[in-house]
């Protein structure tokens, strides 16, 4: 599997991906071998079924949405470039990148882009707002059946209350950023 | 009230048993190498019987006949009753670690015996300790070792165990030698080698006490595995170093070559133990394959083979601890796949039981042995030892962590470092090792010092670690109480990260682990596991486990919170209840976390890698559909999405484990026929996505993974 992977991925492709995503050479080759191992149809692209075959994702409450996030709008297949582009969001921010000036376009794994990724998990219809319903859905996914609808509703309301600053009863991306200020995460600095 | 009842039971047991001993004539102090633990000599020759010459004895008491087993049982009974009373006594377990209590019981009993018999109570012989009391504890530790977490952190653990022990040993040994040089009058005859020997045995950190306190402290799993793994491996390192120095002491002189040979010997001992453990583990796994016709004795093989590996390596002067731990780790996955559920449970229960008994006995003996009249006291030596132990451990942990944090993804925080350093309690291994030293003039001083160190660390450090950590935590907590939205968002991000890790195959990225898994699947599992038990896919296993847990019943009672209107701000107690609801119900995200290991309780899912409550999908989320990739316009009206006209890319794809299971045996070409095919009820069959999905009739009410089979979701 290892040798097959390296011959199918050309050097210039690796270079391009490196420039776009910031992953190192070895990381890219490793991720490529993972990509090919997931790609059962061996046609160079991943479909949703390929993701669904990962057993742990079946148990992850957000599994559906995570899979969704890999596929660009309206498409059912994702190629390796798209795969890497999505994964690039999760690269840890290195110190030397923090000092990059604002003139350079923001790298994929900047803090803002990471939060945007998380924001999109809530915001299905891409209207840049997390409405109460969308929040409820995500809550319901994460929580299970033991909580009644009213309780969950009040939790959702409380969440919106805490984050909403302009009173439109939904969370915009800026409000989301502010609310997530203290949230810690391994890949979110 | 119950506590008082048990306490009185306890006291009566305490008094009954020394009375028994007091009835036998005073025994001489047993030699250190007696087997089995001599709780009293058998030298008395009078059995208390009615003296009717040449007539039939109607009633007689023959204590000597049963003396040895009787006393052993009484010891164990006493210790267990003490434990019972301890757990019933309200707030005490939260403050005092169990080992403290057991030592106190031992001291009490020792005092009683001493008072009754006016001679030293029986001591723990080192052979009894190493051959009978230590193996169950180590086996239990090895068997319940969370495998994945352990191997993920193996580098750090080895780092702490090996280097940390070496650092401690050298530091304490050399500093003590310095102290001895400074006080030549009283301590002049202690040589450098003796100091190093003492250093090696006093550096052995015993986490038994700390782990029992960990329960209360909500220690995260990473810290748990670090302390736990470190203690396991450092026991092995300590014993090896100790034996090395002992053999050095027996040599007339120590040259550089000897030191080099000593180093090689350490390596040989460690690796040798490892290989013996591997060998026996594989043989045990193979044997368990054939136990289907005699299921009752299946657990026996586990114990026999482990013990055999321990004894074999002890015979060859290799590391028995390494052997038994390796054996347990190796055979665990194969044995558990081979034996029946009940055998599995029996194995786990017996292991817990035996290790519990062993540990209890050890601590009681420790207490009893303290009451002796062989103590030799020396203020400078004892105090400096105590101080040096603390100092060297702290500096060792700080230094090692500074280095290791650069190489790790998850750093070891300061709080963790403090716990590791302060939680370096000494225990029974030091105690028995010190008895094994060849006699020399200052041996009694060493024994006394060891006892003082153990008592100090167990009592003082054991009882204060929790308040100190809470003090540290409070400083952190003062910054901000997480708001509800933070909790939800952070949980979301955790799930997200876990999901991405799974996509990326983070666990499979490690080349060797991958290779091993392939090798395992191809050869080992086929060879060592019964054919019908070789699970075809991990999904099926997960599914079966979830089903099983489903059937056992979900024990979560719905929390009672009043419904409230949306607008008014929430009171603090309502916030608290919300937080409690969230913490109890938010899905535990990290599928790599295993429940914290506890020597004293058996977590039901301790052996499953995935520990998760079944997540029932609420009906509002609709059924999970398989996504038809052939370009059908999948408008899922079956689910109340609250958004009209969702484009396809935003609809939630569904997953259900069964189609995927089928997939593994059926070529992937057919995406359309992938429906919820229940092998048991073929009534559930969805062939393609249709906008108006109707639930087929006759669907069995059997609970499926993540489906709430309630009313239909027609829109």
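Residue numbers (full-length UniProt numbering), protein chains in the order written: chain A, 1 to 189; chain B, 1 to 715.
Virtual Cβ for every residue (Gly too), placed ideally from N, Cα, C.
Asked	Found
9 Å Cβ cutoff, residue 162 of chain A in contact with chain B	yes
Cβ-heavy atom distance, residue 289 of chain B to the ligand NAP, below 8 Å	The ligand NAP is not part of this structure, which contains no ligands at all.
Three-state secondary structure assigned by DSSP to residue 40 of chain A	coil
Within chain A, the residues that residue 504 of chain B reaches when beta carbons sit closer than 7 Å	31, 34 and 87
Cutoff 6 Å; reference residue 272 of chain B; Cβ partners in own chain excluding five residues on either side	318
Selection from B:383, B:408, B:441 and B:413 that minimises the alpha carbon distance to residue 451 of chain B	B:383
Inter-residue Cα distance where the pair is residue 251 of chain B and residue 245 of chain B	10 Å
Any C-beta of chain B under 9 Å from that of residue 81 of chain A	no
Same chain, Cβ closer than 6 Å to residue 594 of chain B, five either side skipped, listed in chain order	Low confidence applies to residue 594 of chain B: its pLDDT is 42, below 50, so where it sits in the model is not reliable enough to give any reading.
Buried or exposed (CB count within 10 angstroms, at least 16 for buried), residue 142 of chain A	buried
Which listed residue (B:421, B:371, B:454 and B:400) has its alpha carbon closest to that of residue 115 of chain B	B:371
The region 92 to 106 of chain B contacting the region 185 to 204 of chain B, beta-carbon criterion three pairs below 8 Å	no
8 Å contact criterion, which residue 276 of chain B and residue 312 of chain B should meet: CB distance rounded	6 Å
Where residue 46 of chain A sits in the DSSP three-state scheme	strand
Any 3 or more C-beta pairs closer than 8 Å across the region 15 to 28 of chain A and the region 53 to 64 of chain A	no
Cβ pair residue 232 of chain B, residue 138 of chain B closer than 9 Å	yes
Beta carbon proximity, residue 495 of chain B to chain A, threshold 9 Å	yes
Against chain B: residues of the region 56 to 70 of chain A by CB proximity under 9 Å	56, 57, 58, 59, 60, 61, 62, 63, 64, 65, 66, 67, 68, 69 and 70
Contact list for residue 91 of chain A against chain B, beta-carbon separation under 7 Å	Under the 7 Å cutoff, chain B gives no residues; its nearest Cβ is about 11 Å from residue 91 of chain A.
Chain B within 9 Å of residue 21 of chain A, Cβ atoms only	no
Euclidean distance between Cα positions of residue 637 of chain B and residue 125 of chain A	Residue placement at residue 637 of chain B cannot be trusted, given a pLDDT of 33 that sits under 50; what the coordinates show is reported in the next sentence. Near 16 Å, if we compare the C-alpha coordinates of residue 125 of chain A and residue 637 of chain B.
Continuous alpha helix (DSSP H) stretch holding residue 159 of chain B: start and end	It is not in any alpha helix (DSSP H) - residue 159 of chain B carries neither H nor E in the DSSP assignment.
C-alpha gap between residue 337 of chain B and residue 140 of chain B, whole angstroms	19 Å
Secondary structure of residue 153 of chain B, DSSP reduced to three states	coil
Short CB-CB distance (under 9 Å) between residue 159 of chain A and chain B	yes
Neighbour flag for residue 51 of chain A against chain B, beta carbons, 9 Å	yes
Cβ-Cβ distance between residue 66 of chain A and residue 48 of chain A below 9 Å	no
Segment limits, alpha helix (DSSP H) that includes residue 377 of chain B	Run containing residue 377 of chain B: none; DSSP gives neither H nor E here.
Alpha-carbon spacing of residue 83 of chain B relative to residue 96 of chain B, whole angstroms	12 Å
Any chain B beta carbon closer than 9 Å to residue 173 of chain A	no
Where residue 391 of chain B falls: helix, strand or coil (DSSP)	helix
Straight-line Cα distance separating residue 203 of chain B from residue 459 of chain B	18 Å
Nearest neighbour of residue 178 of chain A, chosen from A:111, A:30 and A:138 [CA to CA]	A:111
Proximity of residue 445 of chain B and residue 381 of chain B at Cβ, strictly below 9 Å	yes
Three-way DSSP call (helix, strand, coil) for residue 169 of chain A in this model	coil
Residue 93 of chain A in three-state terms, based on DSSP	coil
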